[in-house]
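Using our numbering, the letters of the sequence shown map in sequence onto residues 47 to 278.
Cβ coordinates follow ideal geometry from the N, Cα and C atoms, glycine included.
Here the structure is a predicted model, which means the values were calculated and not measured.
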Amino acid sequence: MIRRLDAMAVESSAQWDGVVRRDSIKEKWAAERDRLSDAAHSGDWETAFRVLDENPEWINSGRLEGRSAYGPLHQAAWHGADVETVGRLLARGAWRTLRSTDGTRPVDIAVQRGHQHLVALLSPAYRHPQPQDTLDRLRTHLHRLIHHRSGGGTGTDDLATRHALRLPDPAVLTELDIPHLWFPVPGMYGGFHIRLQGSELSVDSWVRVVGGSERTDLVTVDGVRLQEGGTL
47 MIRRLDAMAV ESSAQWDGVV RRDSIKEKWA AERDRLSDAA HSGDWETAFR VLDENPEWIN
107 SGRLEGRSAY GPLHQAAWHG ADVETVGRLL ARGAWRTLRS TDGTRPVDIA VQRGHQHLVA
167 LLSPAYRHPQ PQDTLDRLRT HLHRLIHHRS GGGTGTDDLA TRHALRLPDP AVLTELDIPH
227 LWFPVPGMYG GFHIRLQGSE LSVDSWVRVV GGSERTDLVT VDGVRLQEGG TL
């Protein structure tokens with residue numbers, strides 16, 4: 047029997063915001079995302095925190111239609127924000143391991159720009175360390191599964207591709223106390239709940255408007271073991 051995911055488990059999980067296209071969300075939310083990105087880009091932290099008060103799930107979100115994929119913590123590292131500001135971002139769930147489009151973490155930016163007062167604070171603390179090769183292989187196969195499931199299992203015209211989503215990086219799970227991640231997909235009326243278990247990912251997914259769509263697949267370094275048997 048498929049394990050029905052407890053809604054509380056999703057609510058208590060960190061969230062990966064993969065939305066990068068403006069037309070993937072309502073106009074009013076896009077305007078608020080812009081407000082957050084503009085504030086972080088200019089170092090206006092009080093405005094940024096006001097937006098995050100209303101939308102805490104955006105703590106790691108980049109600019110819509112942006113190229114760098116800098117989240118608020120990347121911007122704080124770039125500006126050399128004070129320790130208190132960076133501490134407030136971290137307390138809200140900003141990820142030290144989150145990489146920008148070019149693979150840069152917040153700590154890398156702090157080092158490059160000579161903001162030595164932030165280097166120790168931004169250095170990742172790994173609760174569930176994994177070799178980089180393992181994380182790279184898990185990421186590849188997780189993305190294959192997301193494309194497969196968000197296309198209704200057909201692997202064609204999938205929602206992840208249609209919305210040009212930024213797909214989850216399992217590396218962020220290694221710094222979380224509870225290594226669970228929720229990845230909602232626009233148009234899917236559901237999404238993916240990803241759990242790091244040893245060196246594997248247990249991935250629950252479902253479509254809320256389709257009864258019986260809940261399923262659990264297993265992502266390993268060698269591929270994806272599908273719930274119904276076989277591999278992807």
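Please report the residue range of the alpha helix (DSSP H) in which residue i lies.
i	result
R241	Premise fails: R241 lies in the beta strand (DSSP E), 236-243, not in any alpha helix (DSSP H).
S280	Residue 280 lies beyond the residue range present for the chain, which begins at 47 and ends at 278; the question has no answer from this structure.
R208	205-208
With distances taken from CA atoms, which of the options is nearest residue i?
i	options	result
N106	W252, V253, Q61	Q61
F95	S114, A137, R241	A137
D215	H209, P225, R208, D128	P225
D63	Y172, R271, R212, T150	R212
D282	T277, E103, H161, D99	No answer is possible for residue 282: the residues shown for the chain start at 47 and end at 278.
S83	K72, S59, F229, E111	E111
F238	E92, D204, G275, R195	R195
L135	G149, S248, E78, L168	L168
Helix, strand or coil for residue i? Go by DSSP, reduced to three states.
i	result
G276	coil
I48	Annotation note: pLDDT 37 at I48 (below 50); position unreliable, coordinate value reported separately. If DSSP states are grouped into helix, strand and coil, I48 belongs with coil.
W104	helix
W62	coil
R96	helix
R109	coil
R195	helix
R67	coil
May I ask which residues mark the beginning and end of the beta strand (DSSP E) holding residue i?
i	result
D263	261-266
L227	226-231
Can you tell me whether residue i sits near the ligand PLP, meaning its C-beta is under 6 Å from at least one heavy atom of the ligand?
i	result
A137	As far as ligands go, the structure on display features none, and thus does not contain the ligand PLP.
Scan the region 122-185 and note each continuous beta strand (DSSP E) run of 3 residues or more that stays entirely inside, going in chain order. none
For the region 150-162 against the region 186-199, do three or more pairs of beta-carbon atoms, one drawn from each stretch, fall closer than 8 Å, so that the two count as touching? no
At least three beta-carbon pairs within less than 8 Å, the region 132-147 to the region 177-185: no
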